[in-house]
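Data block below; observations after.
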Amino acid sequence: MFLEYSGENIIDPDASIELLEQIANELQKMSDSERASLSKSIRDLAPQYGPRANFVTDLPSNLGISE
């Protein structure tokens, strides 16, 4: 959330993309069951983010840890 929604005055957009790619790379190293569990947990939490719930719901697939 921080990397996606922070303004350019908070974090450089290129740095934000690079960090997201690094996070995705590390998460993809988890076992299938770990990825499935994390994906479910993220999606279960999504409604708590109100207008940004869709972003949170899509995180697992955007990070390459679910389909």
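Residue numbers (numbering that gives the first Met the number 0): 0 to 66. For every residue, glycine included, the Cβ atom is placed at its ideal position computed from N, Cα and C.
Next item on the list: Can you tell me which of the three DSSP states residue 49 falls into?
Entry: In the sequence shown, residue 49 corresponds to position 50, counting from 1. Three-state result, residue 49: helix.
Checklist line | residue 28, enclosing alpha helix (DSSP H) - first and last residue | finding: Residue 28 sits at position 29 when you count from the first residue of the sequence shown. Premise fails: residue 28 is in no alpha helix (DSSP H) and is neither H nor E.
Next item on the list: Could you check the C-alpha separation between residue 66 and residue 5 for me, to the nearest Å?
Entry: Numbered from 1 along the sequence shown, position 67 holds the residue referred to as residue 66. Numbered from 1 along the sequence shown, position 6 holds the residue referred to as residue 5. Taking the straight line joining both Cα atoms gives about 27 Å.
Notebook entry, point to check: Excluding the five sequence neighbours on either side, which residues of its own chain have a C-beta within less than 6 Å of the C-beta of residue 38, listed in chain order?
Noted result: Walking along the sequence shown from the start, residue 38 turns up at place 39. 59, 64, 65, listed in sequence order.
Item checked: Buried or exposed (CB count within 10 angstroms, at least 16 for buried), residue 62 -> Translated into positions along the sequence shown, residue 62 becomes position 63. When all chains shown are included, residue 62 counts as buried.
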